[in-house]
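> In order, the protein sequences belong to chains A, B and C.
Heads up: the first sequence begins at 102 in the working numbering, then just goes up one per residue.
Heads up: the second sequence begins at 155 in the working numbering, then just goes up one per residue.
Heads up: the third sequence begins at 2 in the working numbering, then just goes up one per residue.
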Amino acid sequence: MSANERADPRWGDWEPVIGLEVHVQLSTRSKMFSTSSTAFGAAPNTQANAVDLGLPGVLPVINREAVRKAVQFGLAVGAEVNQRSVFDRKNYFYPDLPKGYQISQFKHPIVGRGALTVTLPGGEQRTIGITRAHLEEDAGKSIHDAVPGRTAIDLNRAGTPLLEVVSEPELRSASEAAAYFRTLHSLVRYLGICDGNLAEGSMRCDANVSVRRRGSNVLGQRTETKNINSFRFVEQAIDFEIARQIAVLEAGGSIVQETRLYDPDANETRAMRTKEDSDDYRYFPDPDLQPLVVSDQELEAIAAAMPELPTARRMRYVEQLGLTEYDAELIVADPDLAEYFEATAAAAGGGKAAANWILGDLTAALNRDECTVRESRVSSDQLGQLIQRINDGTISGKIGKTLFETLWNDADTRATVDGLIDARGLRQVSDSGAIETIVDDIIAANPKQVEQFKGGKDKVFGFFVGQVMKATQGKANPKAVNDILRAKLSG
Amino acid sequence: MAVPTTVRAQLEALNRGALSSVELCQALLERTGSLEHLNVFISLNDRLLDQAAAADEARAGGSTLGQLHGLPLAHKDIFMSEGLRTTCGSRMLQDFIAPYTATALQRFADAGALVLGKCNMDEFAMGSSNENSFFGSVANPWDADRVPGGSSGGSAACVAAGLAAAATGTDTGGSIRQPAAFCGVSGIKPTYGRVSRYGMVAFASSLDQGGVMARTAADLALLLANMQGFDPQDSTSIETPDLWLENLKTLPIETLDEALTLDAKLTVGLPQEYFDSGSIGARAMDDIRTVIEVQGHRVQDVSLPNTGIAIPAYYVIAGAEASTNLSRYDGVRFGHRANDAKDLETLYRRSRSEGFGTEVKRRILTGTYALSVGYYEAYYLKAQQLRRLISDDFKRAFADVDVLLTPTTPTTAFERGAVSNPVTMYQQDVFTVPASLAGLPALSLPCGFKDGLPLGAQLIGPHYAERSLLCLAHQIQSHSDWHEAVAIAGVPA
Amino acid sequence: MTDSIDIAHLCTLAKLELAESERDSAEADLRNIMLMVDAMGDVNTTGVEPLAHPLEFVARLRDDTPGPTIEAGQFQHNAPETAEQLYLVPRVVD
Chain A
102 MSANERADPR WGDWEPVIGL EVHVQLSTRS KMFSTSSTAF GAAPNTQANA VDLGLPGVLP
162 VINREAVRKA VQFGLAVGAE VNQRSVFDRK NYFYPDLPKG YQISQFKHPI VGRGALTVTL
222 PGGEQRTIGI TRAHLEEDAG KSIHDAVPGR TAIDLNRAGT PLLEVVSEPE LRSASEAAAY
282 FRTLHSLVRY LGICDGNLAE GSMRCDANVS VRRRGSNVLG QRTETKNINS FRFVEQAIDF
342 EIARQIAVLE AGGSIVQETR LYDPDANETR AMRTKEDSDD YRYFPDPDLQ PLVVSDQELE
402 AIAAAMPELP TARRMRYVEQ LGLTEYDAEL IVADPDLAEY FEATAAAAGG GKAAANWILG
462 DLTAALNRDE CTVRESRVSS DQLGQLIQRI NDGTISGKIG KTLFETLWND ADTRATVDGL
522 IDARGLRQVS DSGAIETIVD DIIAANPKQV EQFKGGKDKV FGFFVGQVMK ATQGKANPKA
582 VNDILRAKLS G
Chain B
155 MAVPTTVRAQ LEALNRGALS SVELCQALLE RTGSLEHLNV FISLNDRLLD QAAAADEARA
215 GGSTLGQLHG LPLAHKDIFM SEGLRTTCGS RMLQDFIAPY TATALQRFAD AGALVLGKCN
275 MDEFAMGSSN ENSFFGSVAN PWDADRVPGG SSGGSAACVA AGLAAAATGT DTGGSIRQPA
335 AFCGVSGIKP TYGRVSRYGM VAFASSLDQG GVMARTAADL ALLLANMQGF DPQDSTSIET
395 PDLWLENLKT LPIETLDEAL TLDAKLTVGL PQEYFDSGSI GARAMDDIRT VIEVQGHRVQ
455 DVSLPNTGIA IPAYYVIAGA EASTNLSRYD GVRFGHRAND AKDLETLYRR SRSEGFGTEV
515 KRRILTGTYA LSVGYYEAYY LKAQQLRRLI SDDFKRAFAD VDVLLTPTTP TTAFERGAVS
575 NPVTMYQQDV FTVPASLAGL PALSLPCGFK DGLPLGAQLI GPHYAERSLL CLAHQIQSHS
635 DWHEAVAIAG VPA
Chain C
2 MTDSIDIAHL CTLAKLELAE SERDSAEADL RNIMLMVDAM GDVNTTGVEP LAHPLEFVAR
62 LRDDTPGPTI EAGQFQHNAP ETAEQLYLVP RVVD
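1) I want to know whether the segment 571–584 of chain B touches the segment 604–622 of chain B - three or more CB-CB distances under 8 Å.
2) Any idea if Gly364 (chain B) is buried or exposed, counting beta-carbon neighbours within 10 angstroms, 16 or more meaning buried?
3) Quick one: is Phe488 (chain B) near chain A, going by C-beta distance under 8 Å?
4) So, using beta-carbon positions, are Pro408 (chain A) and Arg273 (chain A) closer together than 8 Å?
5) Under the three-state reduction of DSSP, which class applies to Ile544 (chain B): helix, strand or coil?
6) Cutting at 7 Å between CB atoms, please list the residues of its own chain near Arg290 (chain A), excluding the five before and the five after it.
7) For Asn298 (chain A), does the three-state DSSP call read helix, strand or coil?
8) Listed in chain order, which residues of the segment 47–67 of chain C have Cβ atoms closer than 8 Å to some Cβ of chain B?
9) Any C-beta of chain C sitting closer than 8 Å to the C-beta of Asn460 (chain B)?
10) Distance cutoff 8 Å, beta carbons only. Does Ile34 (chain C) sit that close to anything in chain B?
11) When you compare each of A:Asn150, A:Glu238, A:Leu217, A:Val561 to Ile231 (chain A) by their alpha carbons, which one comes out closest?
12) Which value, in whole angstroms, describes the spacing of the CA atoms of Glu552 (chain A) and Asp523 (chain A)?
13) Whole-angstrom Cβ separation of Arg165 (chain A) and Leu62 (chain C), contact assumed at under 8 Å?
14) If you draw a straight line from the C-alpha of Ala279 (chain A) to the C-alpha of Pro210 (chain A), how long is it?
15) Report yes or no: is there a C-beta of chain C within less than 8 Å of the C-beta of Ile232 (chain B)?
16) Anyone know if the C-beta pair for Asn330 (chain A) and Leu299 (chain A) falls short of 8 Å?
17) Ends of the alpha helix (DSSP H) at Ile446 (chain B)?
18) Suppose you measure from the CA of Lys403 (chain B) to the CA of Ala149 (chain A); what does that come to, to the nearest Å?
19) On the CB-based measure, 16 or more other CB atoms within 10 Å of its CB, does Ala104 (chain A) come out buried or exposed?
20) From what residue to what residue does the beta strand (DSSP E) around Leu121 (chain A) run?
21) In this structure, how does DSSP classify Leu263 (chain A) when only helix, strand and coil are distinguished?
22) Closest to Ala214 (chain B) by CA distance: which of B:Arg170, B:Val194, B:Thr257 is it?
23) Tell me the residue span of the beta strand (DSSP E) that contains Met367 (chain B).
24) Note down the Cα distance separating Arg162 (chain B) from His223 (chain B), rounded to an integer number of angstroms.
25) Under a CB-based cut-off of 8 Å, is Pro110 (chain A) close to chain C?
26) What does Phe174 (chain A) touch in chain C if you count any residue whose Cβ is under 9 Å from its own?
27) Give a yes or no on contact between the segment 170–187 of chain A and the segment 466–475 of chain B, applying the rule of three or more CB pairs nearer than 8 Å.
28) Identify the residues that DSSP records as bridge partners of Ala596 (chain B): which are they?
29) Taking only heavy atoms of the ligand SAH into account, decide whether any of them is closer than 7 Å to the Cβ of Gly462 (chain B).
30) Cα separation between Pro69 (chain C) and Ser137 (chain A)?
31) Among B:Ala209, B:Asp494, B:Ile330, B:Leu259, which one has its Cα closest to the Cα of Gly158 (chain A)?
32) Who pairs with Gln203 (chain A) in a beta bridge, going by DSSP?
33) Put Asn294 (chain B) into one of helix, strand or coil per three-state DSSP.
34) Taking only beta-carbon positions, decide if Asp388 (chain B) is within less than 8 Å of chain A.
35) What are the residues in the segment 356–367 of chain B lying within 7 Å of chain C by C-beta distance?
36) Can you name the residues that DSSP bridges to Tyr363 (chain A)?
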C-alpha cells in the first residue's frame with residue numbers, strides 16, 4: 102500500500118513522520134550497576150544503596166543478566182548484536198539523577214540496526230526499522246505533591262536497567278505508532294525480558310513527531326513528547342501533536358524543537374517548563390567501566406536458549422492447531438492469553454475449539470467482569486476438560502455454555518468439570534430407549550402438530566425438538582433426538 | 155616515650171610485647187598534639203584508644219587478627235571509613251560521615267590495623283602543594299615554611315614527622331610520589347587496578363590509584379600486600395592475584411628481608427627526557443645511580459620521546475573525568491547545601507560554588523570545556539591518542555630494560571605561596587604524570603638532599619612489576635641511608 | 002581555539018556560579034591552561050587508537066543477585082533535607 106493510500110483525511114495535505122523511543126525496564130532482580138533490588142513499590146529510598154545514591158567513592162559493576170536480556174532482544178529483532186559496546190556518561194543535572202550523569206551507551210550501543218514486523222489494525226503488516234537499542238540506567242522519581250513547596254526524591258527506581266529501543270522515523274500515523282508499541286510490548290514479554298507492566302512504568306515511550314507536505318522528502322522540525330505510558334495515550338498524544346503542528350504551520354507559524362509532555366487528563370501536549378540547559382550532554386566513555394564484550398560463546402548460548410517468538414508461534418497455531426490467521430493473531434498478541442490457550446488446548450486435546458471458547462465465552466466474561474486472563478475464574482484446565490466433555494458427547498454444547506457460566510460464577514476454582522456434571526446431573530442423555538419414551542409421549546400429546554408435520558409443514562419439526570429438550574432439561578443428545586423424532590414422525 | 159618509627163619495628167615491638175598498642179597510639183597522639191602546627195590531620199579517630207585496648211586484650215588472649223594487629227595507620231582523608239568524617243579536603247564534605255568503609259581500609263582492618271586519623275590533602279586530590287585544602291595548608295616537617303607537596307601532603311608529612319609509621323595516599327598524576335619526595339619518605343603508586351578504588355573518592359577514574367607512604371621500601375611492601383588485591387566492587391580491579399604480594403602478607407615480619415631479596419641483576423633505564431631538563435632533581439641522581447651500579451645492575455640510557463606532551467594530555471583527561479565525577483556533589487543527598495536557595499538552579503550553583511575551592515572549580519571548568527560539543531575530538535580524544543603514544547613509549551623501553559630510574563620531581567619543596575600560577579604548578583608533575591597515564595607502578599624513595607631539603611628518585615616498572623620496584627628499592631635502602639634522615643628528631647618543647 | 006571560551010556557558014553546564022570578581026581570573030586561567038593544552042596539536046596522532054584505560058581489559062560482569070536490604074534512612078544522615086525518607090529540593094515544575 103502506498104503512502105497516499107494510507108493518508109489520513111484529517112491531515113489534508115500533511116504527512117506525519119513519527120519515531121518512537123521506548124524505554125523497556127529489564128526484569129532483572131538487581132539493578133544495572135548495583136546489587137539493590139529492583140522490586141516495585143518499596144518504601145522510599147529503601148532500594149537505593151550507596152551506589153544508586155552516587156555516594157562519594159562508589160563504583161558501578163555491570164549486571165550480566167541485563168546484558169543477556171539486551172542480547173536476546175537484539176536477536177529477536179534480527180539486529181546486529183555489537184559484541185563490543187561501550188558505556189558512556191551522559192552529563193546533566195537533575196535531582197532524580199544522583200551522579201549528575203546517566204550511564205548509557207551513545208556511540209557504541211549493544212544492539213544495532215534491526216526490524217520489527219507490526220500488524221496494523223486493518224490486518225496489514227508493516228516492517229518498522231529499529232535504529233538501535235542500548236543499555237542504560239533509569240533515573241529515580243520526582244514527586245511534586247508529597248511535601249508543600251518541595252519536590253521530593255525517591256531513588257528506588259534509580260539504576261534499574263533500561264533497554265532504550267529507538268525506531269526509525271518510519272511510522273506514518275498515531276495508530277501505527279500504537280501498533281508498533283503494542284508489538285514491542287508483546288515481544289519483550291515473550292522474551293521474558295520485561296514484565297510489561299505499563300501502569301508501573303515498565304515500558305515508557307517518547308514520541309518524536311514532525312509533519313511535512315505530502316510528497317516532500319524533507320523532514321519537518323520535530324518535537325519530542327516524553328513519558329507516555331499507555332497504548333491509548335500514545336495514539337492520543339501523537340494525534341494531538343500532529344494536529345497542533347499542522348495548525349501552527351497552516352497559521353504561518355513554525356515548529357520549535359522542544360520537549361513536550363502529554364497530559365492525559367486534558368488530552369493535550371504542552372512544552373516542558375523546565376528547560377534542559379542544552380543538548381550538550383558531554384558524552385564520553387565511562388572511565389569506571391571497561392568495554393562490554395559479549396563472546397561468541399555467550400552469544401551462541403543466548404541464541405540457543407531463545408524462546409519461541411510471536412511470529413513463529415502464530416505460524417504454529419495456524420499450521421499445526423488449525424486456527425485462522427485472525428484468531429491466531431488475537432491470541433498471540435497477549436502472551437498471557439497465549440499461555441492460557443496453550444494450556445487449554447493441551448487439556449482439551451485440540452486447538453480449534455479452545456480458540457473458539459477463549460475468544461468467545463472467556464473473552465466476553467473477562468470483559469464483562471473487567472479482569473485479566475491471569476485473573477480468569479475458569480482455569481485453563483477446567484476449560485480444557487469442559488471442551489473434552491463436549492467433544493466426547495458427555496454434555497451438549499448448550500449445557501457446556503451453562504456449565505462455563507457456572508464455573509465462572511462459582512468461586513470454588515478447585516471444582517472439577519466432571520464433578521459438576523455429576524453433581525448437577527448434566528450428563529447428556531444419549532440412551533435411545535429413554536429418548537424414544539419421551540418422544541412417544543410428546544407425539545401422543547401433540548396430535549395437531551403431528552398432523553401439520555405430516556401435511557408437509559417441516560418447520561414444526563423444530564417444535565418437537567424443543568419439546569424433547571425441554572423435557573430432558575437440555576441433556577438429550579441433539580443428534581439422537583433428531584434421528585428418533587424423524588423416524589417416528591415419518592413412520 | 156620514644157617509639158620505633160618504622161612499621162616493621164613497631165610490629166616487632168608489639169609482637170614481642172615490648173610495646174602495647176595503647177602505648178604506641180598514646181605516644182603517636184602525644185606527638186601529634188605537640189606538632190599541631192604541621193596541620194597533618196583533618197580528623198583523629200576518637201575511639202582509637204578503646205580500639206587499641208581491645209587489640210591488646212585480644213593479643214593477650216592469644217588471638218590476633220592478622221599481620222598488622224594493633225598497628226595504628228593514618229589515611230588520606232579520601233578513603234571512606236565508616237562512622238568517621240571523610241572530607242576529601244573540601245568544604246563540600248566538611249560534615250560528611252562515611253556510611254561505609256573503603257575496600258582498602260577494610261583490608262587493613264581485617265589484618266588488625268587501627269585507624270589513627272585522616273590526613274590533610276589537597277581538595278579532591280587536586281594539587282601539588284597541599285595548599286588547596288579547605289582545612290588549611292600543611293607544613294613540610296623539614297621546613298615549616300615549605301609545602302609538603304600534594305595532593306597526599308598530609309600523609310607524607312605525617313610519616314616524615316613520625317606521627318605514624320605509614321600513611322595511605324592516592325596518586326592520580328603524582329600525588330603519592332611527589333609529596334613523598336618533598337618530605338623525604340618512600341611512597342608507592344601500584345599498577346592501576348592493584349588497589350581497589352571502591353570507597354576512595356574519585357578524582358580521575360582512569361588514573362586514580364591508592365598506595366602507601368612509609369619510611370622504608372620494606373614497610374611499603376608489607377602494607378601494599380595487605381591493602382591490595384582483587385575487589386569485585388571495582389570493575390577496573392586487577393583480577394589476577396600477585397602471588398608474591400599475596401604471600402608477603404602471610405609471612406612472619408622477621409622474614410621480610412628474605413622475601414625482599416633481589417637475586418637478579420637488572421637493567422635500569424635512564425630516560426633521557428627526564429634528565430635533559432637539567433633540573434635540581436635530575437642533577438641529584440648520580441649518587442643513587444652509583445648505589446645501583448655497585449649492586450651489579452646495569453644502567454643504560456633510554457628514550458621516551460613523547461614525555462613532553464604528557465602534562466597537557468594529563469590535564470585534559472584528568473579534568474574531563476573529574477568534571478563529571480564531581481557532578482554528584484549537588485547538595486541534594488549529601489554534602490554542602492547553600493542556605494535559602496529559592497529554586498533548584500540556584501541551589502545547585504550556590505551549593506557547588508560555596509562547597510568547592512578555586513582549583514576544583516578550575517578543573518571542573520577545564521574538563522567541561524574539553525568535553526563540550528565541538529571540542530571533544532580536539533581535546534579529549536586527542537589526549538587519549540597521546541596517552542597511547544606515551545604508553546607505547548614505555549612498552550618499547552621495557553623491551554630493553556627492567557625498570558626506569560628518574561628524578562621524582564624537578565625541584566625540592568618550594569615555599570608556601572611561592573607558586574600561584576596554575577600552569578606553573580601543573581609542571582610539578584612532569585616526571586610523575588607519564589607513568590600515571592600508562593598505569594604503571596612507580597615508587598619514590600629518598601636519594602639525597604639539596605640545601606637541607608630531601609630529594610626523591612623514582613623507579614618505574616612495567617605493569618604488575620611492583621615486586622621488582624620494591625625489591626630494588628629495598629636493596630638500595632640496605633646500602634644507603636638517605637631514608638634514615640629524620641625531619642624532626644625530638645618533639646619541640 | 003581558546004577564543005571560544007565562554008565561561009558563563011561552562012558555568013551553566015557545570016552548575017557553578019562565579020562572582021563578577023572571580024570570572025575574569027577564571028577565564029584567564031582557563032585560557033592559559035588551554036594554551037598549554039594546545040601543544041597537543043603539535044603531535045601527529047593520525048591513525049592512533051585512543052587509549053581510554055591503561056590496562057585494556059574488558060568489562061567484568063556481575064551475577065544478578067540482590068545484595069543486603071537497606072533500612073529506612075540508612076544513608077540519609079548526611080542529607081541536607083529529608084521528609085519521610087524522601088530527599089527534598091525546591092519545587093521543580095515540569
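We put the CB at the ideal spot given by N, CA and C, even for glycine.
None of the values given here were measured: they were computed from a predicted structure.
So, to answer that:
1) no
2) If you number the second sequence from 1, residue 364 (chain B) lands on position 210. Answer is buried; the Cβ neighbour count reaches 16.
3) The sequence position of residue 488 (chain B) within the second sequence is 334, counting from 1. Yes, because at least one Cβ of chain A sits closer than 8 Å to the Cβ of Phe488 (chain B).
4) Indexing the first sequence from 1 puts residue 408 (chain A) at position 307. Indexing the first sequence from 1 puts residue 273 (chain A) at position 172. Their beta carbons are not under 8 Å apart, which means Pro408 (chain A) does not touch Arg273 (chain A) by this criterion.
5) Counting from 1 along the second sequence, the entry for residue 544 (chain B) is found at position 390. If DSSP states are grouped into helix, strand and coil, Ile544 (chain B) belongs with the helices.
6) Translated into positions along the first sequence, residue 290 (chain A) becomes position 189. Counting only Cβ-Cβ distances below 7 Å, and skipping sequence neighbours, we find Gly297, Pro436.
7) Walking along the first sequence from the start, residue 298 (chain A) turns up at place 197. Of the three classes helix, strand and coil, the one that applies to Asn298 (chain A) here is coil, per DSSP.
8) Val49, Glu50, Pro51, Leu52, Ala53, His54, Pro55, Leu56, Phe58, Ala60, Arg61, Arg63
9) For the purposes of this step, residue 460 (chain B) is identified with residue 306 of the second sequence, where counting begins at 1. Chain C, which has a Cβ nearer than 8 Å to the Cβ of Asn460 (chain B), makes this yes.
10) One-based indexing of the third sequence puts residue 34 (chain C) at position 33. It does: the Cβ of Ile34 (chain C) has a partner Cβ on chain B nearer than 8 Å.
11) For this step, residue 231 (chain A) is matched to residue 130 along the first sequence. Of A:Asn150, A:Glu238, A:Leu217, A:Val561, the residue nearest in Cα terms is A:Leu217.
12) Indexing the first sequence from 1 puts residue 552 (chain A) at position 451. Indexing the first sequence from 1 puts residue 523 (chain A) at position 422. Their Cα atoms are separated by approximately 39 Å.
13) Counting from one through the first sequence, the residue named residue 165 (chain A) turns up at place 64. Counting from one through the third sequence, the residue named residue 62 (chain C) turns up at place 61. Between Leu62 (chain C) and Arg165 (chain A) the Cβ distance is about 4 Å, and since that is below 8 Å, they are a contact.
14) Position 178 of the first sequence, counting from 1, holds the residue named residue 279 (chain A). Position 109 of the first sequence, counting from 1, holds the residue named residue 210 (chain A). The alpha-carbon atoms of Ala279 (chain A) and Pro210 (chain A) are separated by roughly 25 Å.
15) Indexing the second sequence from 1 puts residue 232 (chain B) at position 78. Output row for Ile232 (chain B): interface = no.
16) Position 229 of the first sequence holds residue 330 (chain A). Position 198 of the first sequence holds residue 299 (chain A). Their beta carbons are under 8 Å apart, which means Asn330 (chain A) touches Leu299 (chain A) by this criterion.
17) The residue labelled residue 446 (chain B) in the question sits at position 292 within the second sequence. Per DSSP, Ile446 (chain B) belongs to the alpha helix (DSSP H) from 440–448.
18) Reading the second sequence from its first residue, position 249 is the one you call residue 403 (chain B). Reading the first sequence from its first residue, position 48 is the one you call residue 149 (chain A). One C-alpha to the other measures close to 36 Å.
19) Sequence index remark: in the first sequence, residue 104 (chain A) carries index 3 (1-based). Reliability of the predicted coordinates at Ala104 (chain A) is poor, the pLDDT of 46 falling under 50, and no value is obtained from them.
20) Position 20 of the first sequence, counting from 1, holds the residue named residue 121 (chain A). Element bounds for Leu121 (chain A): 115–126.
21) Taking the first sequence and counting its residues from 1, the one referred to as residue 263 (chain A) is at position 162. Here Leu263 (chain A) sits in strand by DSSP.
22) Position 60 of the second sequence, counted from the start, is the residue given in the question as residue 214 (chain B). Ranking the options by Cα distance to Ala214 (chain B), first place goes to B:Arg170.
23) Stepping through the second sequence from its first residue, residue 367 (chain B) is reached at position 213. Unbroken beta strand (DSSP E) run through Met367 (chain B): 363–368.
24) Residue mapping note: residue 162 (chain B) aligns to position 8 of the second sequence, counting from 1. Residue mapping note: residue 223 (chain B) aligns to position 69 of the second sequence, counting from 1. One C-alpha to the other measures close to 12 Å.
25) Here the question's residue 110 (chain A) lines up with position 9 in the first sequence. Chain C contact via Cβ: absent.
26) Within the first sequence, numbered from 1, the residue matching residue 174 (chain A) stands at position 73. Here the premise fails: no neighbours, minimum Cβ distance about 16 Å.
27) no
28) Within the second sequence, numbered from 1, the residue matching residue 596 (chain B) stands at position 442. According to DSSP, which records beta bridges pairwise, Ala596 (chain B) is partnered with B:Lys343, B:Ile614.
29) Of the ligands one can find in the structure shown there are none, so the ligand SAH has no counterpart to examine.
30) Position 68 of the third sequence holds residue 69 (chain C). Position 36 of the first sequence holds residue 137 (chain A). Computed Cα separation, rounded: 8 Å.
31) Walking along the first sequence from the start, residue 158 (chain A) turns up at place 57. Closest option to Gly158 (chain A), Cα to Cα, is B:Leu259.
32) Looking up residue 203 (chain A) in the first sequence gives position 102. Its beta-bridge partners are A:Lys191.
33) Numbered from its first residue, the second sequence carries residue 294 (chain B) at position 140. Correct three-state label for Asn294 (chain B): strand.
34) By one-based count along the second sequence, residue 388 (chain B) stands at place 234. Yes - at least one Cβ of chain A is within 8 Å of the one on Asp388 (chain B).
35) Ser360
36) By 1-based counting over the first sequence, the position of residue 363 (chain A) is 262. Answer is A:Thr370, bridged to Tyr363 (chain A).
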